[in-house]
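Asks:
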Amino acid sequence: MATPKELPEDIGSFIRDLRQTAKISLRQLADKAGVSNPYLSQIERGLRKPSAEVLQQIASALRVSTPAMYLRAGLLDGEGQPGVLAAIAVDPELTIAQKQSLSQIYETFRNENARSNTPPPAEETIAEETK
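If you read the sequence shown in the UniProt record's numbering, its first letter stands for residue 1, the second for the next number, and so on.
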């Protein structure tokens, strides 16, 4: 499980604020979004990091735009361009299990690079290695 410092700063409180503004209970939102009540509670409290797919379900249940939810969660850059996790989440050719696996692998690589402070290789280096 991700530690709170690895989570987007305010996605949980953002979801809670939207839910309270809509005047619906945690249980009602969980039902509408198709997630469990305890899981949604953990997201709101910053204990869990929701996947792009779950964010899409929550956005739909709250009737807010999915890109706005992705932007707040850090899945889109400041210019609204989709990040890798958002692209994986919306790819219609992948199954849910495949999306989860790819997302986990991607996050693992990013966390590993962040821990070692090793920048990813330049594209030229990769191109030369494949020749």
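Where a beta carbon is used, it is the ideal one built from N, C-alpha and C, also for glycine. None of the values given here were measured: they were computed from a predicted structure.
When you compare only the Cα positions, how much space is there between Gln20 and Ala87?
Replies: The residue given as residue 20 occupies position 20 in the sequence shown. The residue given as residue 87 occupies position 87 in the sequence shown. Roughly 29 Å separates the two Cα atoms.
Asks: Tell me the residue span of the alpha helix (DSSP H) that contains Arg72.
Replies: Taking the sequence shown and counting its residues from 1, one reaches residue 72 at position 72. Thr66 to Ala73 is the span of the alpha helix (DSSP H), which, as asked, contains Arg72.
Asks: How would you write the range of the alpha helix (DSSP H) that Ala22 sits in, first residue to last?
Replies: As a first step, residue 22 is located in the sequence shown; it is residue number 22 there, counting from the start. Counting along the chain, Ala22 falls outside any alpha helix (DSSP H), and DSSP gives it neither H nor E.
Asks: In the DSSP assignment, find the unbroken alpha helix (DSSP H) run with Glu93 in it and report its ends.
Replies: As a position in the sequence shown, residue 93 is number 93, starting the count at 1. Element bounds for Glu93: n/a, residue is neither H nor E.
Asks: Would you give the residue range spanned by the alpha helix (DSSP H) that Leu40 belongs to?
Replies: Counting from 1 along the sequence shown, the entry for residue 40 is found at position 40. It spans Asn37 to Glu44 - the alpha helix (DSSP H) in which Leu40 sits, taken as one unbroken run.
Asks: Do Tyr39 and the ligand COA come close, with the Cβ less than 7 Å from some heavy atom?
Replies: You won't find the ligand COA in this model; it holds no ligand whatsoever.
Asks: Let me confirm a value: Pro38 is counted as buried when at least 16 other C-beta atoms fall within 10 Å, else exposed. Which label applies?
Replies: For the purposes of this step, residue 38 is taken as the residue at position 38 of the sequence shown. By the neighbour-count rule (16 or more Cβ atoms within 10 Å), Pro38 is not buried but exposed.
Asks: For a test of the three-state rule: what should DSSP assign to Asp10, helix, strand or coil?
Replies: One-based indexing of the sequence shown puts residue 10 at position 10. In the structure shown, Asp10 sits in coil (DSSP, three-state: anything other than H, G, I, E or B).
Asks: Are the region 88-106 and the region 49-63 in contact at 8 Å, needing three or more beta carbon pairs?
Replies: With the cut-off at 8 Å, the region 88-106 and the region 49-63 touch.
Asks: Would you kindly work out how many angstroms separate the C-alpha atoms of Ser41 and Val84, rounded to a whole number?
Replies: Taking the first residue of the sequence shown as position 1, residue 41 is located at position 41. Taking the first residue of the sequence shown as position 1, residue 84 is located at position 84. Rounded to the nearest angstrom, the two C-alpha atoms are 26 Å apart.
Asks: Helix, strand or coil for Arg48, going by three-state DSSP, please let me know.
Replies: Here the question's residue 48 lines up with position 48 in the sequence shown. If DSSP states are grouped into helix, strand and coil, Arg48 belongs with coil.
Asks: Mind checking Ala97: buried by the 16 CB within 10 Å criterion, or exposed?
Replies: On the sequence shown, position 97 is the one that residue 97 refers to. Ala97 comes out exposed.
Asks: Just to confirm, is the Cβ distance from Leu102 to Val64 under 8 Å?
Replies: As a position in the sequence shown, residue 102 is number 102, starting the count at 1. As a position in the sequence shown, residue 64 is number 64, starting the count at 1. No, Cβ-Cβ distance for Leu102 and Val64 is not below 8 Å.
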